[in-house]
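Q:
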Ligand SMILES: *[C@@H]1O[C@H](CO)[C@@H](O)[C@H](O)[C@H]1NC(C)=O
Ligand SMILES: *[C@@H]1O[C@H](CO)[C@@H](O)[C@H](O)[C@H]1NC(C)=O
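Residue numbers (mature numbering (1 follows the signal peptide of the UniProt record, and there is no 0)): -19 to -1, 1 to 252.
#1: Taking the alpha-carbon of residue 141 as reference, which of 27, 234, 223 has the nearest alpha-carbon?
#2: Name the residue from 118, 40, 53, 87 whose alpha carbon lies nearest to the alpha carbon of residue 158.
#3: Nearest-angstrom Cα distance between residue 111 and residue 56?
#4: With DSSP collapsed to three states, give me the class of residue 99.
#5: Measure the alpha-carbon distance for residue 61 versus residue 78 and round it to whole angstroms.
#6: From the DSSP output, in three-state form, read off residue 88 for me.
#7: Quickly, what does DSSP pair residue 236 with across the bridge? List them, please.
#8: What residues come near ligand 1, if near means a beta carbon less than 5 Å from any of its heavy atoms?
#9: Got a sec, what are the start and stop residues for the alpha helix (DSSP H) residue 185 sits in?
#10: Report buried or exposed for residue 130, applying the criterion of at least 16 other Cβ atoms within 10 angstroms of its Cβ.
#11: Can at least three beta-carbon pairs, one atom from the region 30 to 39 and one from the region 136 to 154, be found at a separation below 8 Å?
#12: Apart from the five residues on each side of it in sequence, which residues of its chain come closer than 6 Å, Cβ to Cβ, to residue 127?
#13: Over the uninterrupted beta strand (DSSP E) stretch that includes residue 140, give me the two end residues.
#14: Confirm the yes/no value for this check: CB of residue 111, any heavy atom of ligand 2, distance under 7 Å.
#15: Does the pairing of the region 6 to 18 with the region 107 to 125 give three or more beta-carbon distances under 8 Å?
#16: By the 10 Å Cβ neighbour count, where 16 or more other Cβ atoms means buried, how is residue 109 classified, buried or exposed?
#17: Regarding residue 47 and ligand 2, is the C-beta to nearest heavy atom distance less than 7 Å?
#18: Looking only at its own chain, which residues have a Cβ that is under 8 Å from the Cβ of residue 76, when we skip the five neighbours before and after it?
#19: Helix, strand or coil for residue 229? Go by DSSP, reduced to three states.
#20: Counting along the chain, where does the beta strand (DSSP E) carrying residue 48 start and finish?
#21: Exposed or buried, what is residue 22 when buried is set at 16 or more other beta-carbons lying within 10 Å of its beta-carbon?
#22: Taking residue 221 as part of the beta strand (DSSP E), name the residues at either end of that continuous run.
#23: Take residue 58 as the anchor and find which of 171, 103, 6, 74 has the nearest alpha-carbon.
#24: Consult DSSP for residue 189 and reduce its assignment to one of helix, strand or coil.
Given below as structure tokens:
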């Protein structure tokens, strides 16, 4: 099996001399103020925003990941290292956003990881130059053998992002596709104490539906077995209208189109 070791090698020596740290920026597409970082060379932006501190602590946050469409894939580690961290992989396929959680205990191909619930927020898009995924991640602060900020949501954390600049996933239609080792990576420090926002609930209120990410490492269902009969057409923009496991109406109201925003598992009505 291919070994993904460059992230390990570099982080081992460099984590204590972290050069970059996150700063606030406003994403003009969503209006969300993120704490994040844009890598000028890789042209990758990563942003985070967390709910206000509470007891017990919330297990969710919003992530933004923006990358050139020419990347084979872009990866993100919210634990900083590749092993024992919650990872995400992102790439465009047919103008759709393919995004899913992964995990690995070692420096080998990370596989799909069950548990995190990902909801793409409406401002997510693929355009001619970039893929922009802005997503709510629930059940995402702890994972097997790790947690965000080592369990302290007011501490410093390391966020790493990686890109494969040339190699496409083997099967780009499949969120759980085999991917090759990344060509490049970078990372930054995230001060979780300043990543909490009182506006959090308004940031997520635009997303009424939640799509569960496929939870097995096997092949995804190739057909969504969407019923052809329609009881009542979803009338609202962003209403779910298809995807893996979805059994409701698949025809949107007049003027709206059912768009597979995250094939194969989530479609929504869009104007
Ligand atoms: C949360 O995620 C973990 C894996 O990190 C999983 O074992 C657990 O079942 C998930 N909980 C819920 C309620 O989905
Ligand atoms: C494409 O998306 C990127 C990243 O969000 C954005 O900076 C750029 O302005 C967009 N281009 C167009 C033509 O909308």
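Cβ atoms here follow ideal geometry from the backbone N, Cα and C, with glycine treated the same way.
A: Straight from the coordinates:
#1: Taking residue 141 as reference, the option from 27, 234, 223 with the minimal CA-CA separation is 27.
#2: Nearest in C-alpha terms to residue 158, of all of 118, 40, 53, 87, is 53.
#3: Their backbone Cα atoms lie some 15 Å apart in a straight line.
#4: DSSP places residue 99 in strand when its eight states are reduced to three.
#5: Those two C-alpha atoms are separated by around 23 Å.
#6: Coil.
#7: Answer by DSSP bridge pairing: none, since residue 236 is not bridged.
#8: In chain order, the hits are 96, 120, 124.
#9: 181 to 185 is the extent of the alpha helix (DSSP H) around residue 185.
#10: Residue environment for residue 130: buried (at least 16 other C-beta atoms within 10 angstroms of its C-beta).
#11: Here the region 30 to 39 makes no contact with the region 136 to 154; the two share fewer than three CB pairs at distances below 8 Å.
#12: In the same chain as residue 127, and ignoring 5 residues on each side of it, the C-beta atoms closer than 6 Å to its own belong to 60, 65, 66, in chain order.
#13: Its beta strand (DSSP E) spans residues 137 to 145.
#14: Correct: residue 111 has its Cβ closer than 7 Å to ligand 2.
#15: Yes, the region 6 to 18 touches the region 107 to 125.
#16: Flag for residue 109 reads exposed.
#17: A distance criterion of 7 Å places the beta-carbon of residue 47 in contact range of ligand 2, judged by its closest non-hydrogen atom.
#18: Excluding positions up to five away in sequence, the list reads 107.
#19: Coil at residue 229, not helix or strand.
#20: Residue 48 -> beta strand (DSSP E) spans 42 to 49.
#21: An exposed status is given to residue 22, since fewer than 16 other beta-carbon atoms sit within 10 Å of its beta-carbon.
#22: Per DSSP, residue 221 belongs to the beta strand (DSSP E) from 221 to 223.
#23: Checked all of 171, 103, 6, 74; the closest Cα to residue 58 is 171.
#24: Below a pLDDT of 50, predicted positions are generally treated as unreliable, and residue 189, at 31, falls in that range; the measurement from the model is reported next regardless. Assigned with DSSP and collapsed to three states, residue 189 falls in coil, not helix or strand.
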